[in-house]
Amino acid sequence: KAGVTQTPRYLIKTRGQQVTLSCSPISGHRSVSWYQQTPGQGLQFLFEYFSETQRNKGNFPGRFSGRQFSNSRSEMNVSTLELGDSALYLCASSSQAGDEQFFGPGTRLTVL
Amino acid sequence: AQSVSQHNHHVILSEAASLELGCNYSYGGTVNLFWYVQYPGQHLQLLLKYFSGDPLVKGIKGFEAEFIKSKFSFNLRKPSVQWSDTAEYFCAVNPYTGRRALTFGSGTRLQVQP
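The listed protein sequences correspond, in order, to chains W and D. Taken in order, the first sequence gives residues 14 to 125; the numbers are from the working numbering. Taken in order, the second sequence gives residues 3 to 116; the numbers are from the working numbering.
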């Protein structure tokens, strides 16, 4: 069974731009969660989607948004990029509430 | 809000030494507990998980963890580490609320010297 895939793997953007990251969950998984990983803040929860609905949101500004499609694929968008948005963005999928999450390789975003 | 504390930020061991990494969480209700590992250049992988039942859980690669409810702890152990265990280890908590948001600890970087 294929794992969680994320595209692109690397991105370089400049301040003020916006970016869209994509995630394809494991086949059959309907839940997708997003996390931000930085050396200073560690792994922080961004948001969770299940059946195209946002079920939970972490403490991030409104510049961070996401959506989920009917095939469970998910995208996250960051608008008006700031230097501090440079991070590894991880997507994880799971099948049941509270069950283990399977992580993708991440998208490394660098904001210049 | 719940939080997870990992007390050891950087641990250096020689091969064959025993390992114990501490993890404490703050949440009064029922929780699901996880240990994830991130090998250099690889993505996060699940080592083991605890949902209920026997508080001593065994995971992959010889790792085990013990859930002590009274201490809000979920420490990771391995009797004899190998060089290939060099990685970053994360403890994570998911309160049993039906939501899938994991709260992670800050991670412990383990370096095993041959």
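All C-beta atoms, glycine included, are put in the ideal place defined by N, C-alpha and C.
- Between the alpha carbons of Q109 of chain W and V45 of chain W lies a gap of roughly 11 Å.
- In the structure shown, the three-state DSSP call for S86 of chain D is helix.
- The beta carbon of G109 of chain D sits closer than 8 Å to some beta carbon of chain W.
- The secondary-structure analysis by DSSP pairs H12 of chain D across a beta bridge with D:R111.
- Between L23 of chain D and N34 of chain D, the beta carbon gap of about 18 Å keeps them out of contact (Cβ cut-off 8 Å).
- In the three-state scheme derived from DSSP, where H, G and I count as helix and E and B as strand, L122 of chain W is classed as strand.
- Collapsing the DSSP output to three states places S99 of chain W in coil.
- Judged by DSSP in its simplified three-state form, G64 of chain D adopts helix.
- Taking every protein chain shown into account, the CB of K80 of chain D has 16 or more other CB atoms within 10 angstroms, so this residue is buried.
- Taking each of W:E61, W:Q114, W:D112 in turn and checking the Cα distance to F73 of chain W, the smallest one comes out for W:E61.
- For I25 of chain W, the uninterrupted beta strand (DSSP E) run begins and ends at 23 to 26, by DSSP.
- For S72 of chain D, the secondary structure class from DSSP, reduced to helix, strand or coil, is helix.
- Straight-line measurement puts the Cα of E65 of chain W at about 6 Å from the Cα of F82 of chain W.
- Residues of the segment 69 to 82 of chain W with a Cβ closer than 8 Å to any Cβ of chain D, in chain order: N69, G71.
- Closer than 8 Å to the CB of K60 of chain D there is not a single CB belonging to chain W.
- When C-beta atoms of the segment 14 to 22 of chain W are compared with those of the segment 35 to 50 of chain W, three or more pairs fall below 8 Å, so the two segments count as touching.
- Nearest in C-alpha terms to E95 of chain W, of all of W:L101, W:L125, W:L103, is W:L125.
- Going by beta carbons, Y91 of chain D and V6 of chain D fall outside the 8 Å limit.
- Taking 8 Å as the threshold, the shortest C-beta distance from A19 of chain D to chain W does not fall below it.
- Inclusion of S72 of chain D and C25 of chain D in the CB contact set at 8 Å is not warranted, their separation being larger than that value.
- By the criterion of a C-beta distance shorter than 6 Å, T123 of chain W is surrounded in its chain by I25, S99, once the five residues flanking it on both sides are discounted.
- At a cut-off of 8 Å, the C-beta of K51 of chain D has a neighbouring C-beta in chain W.
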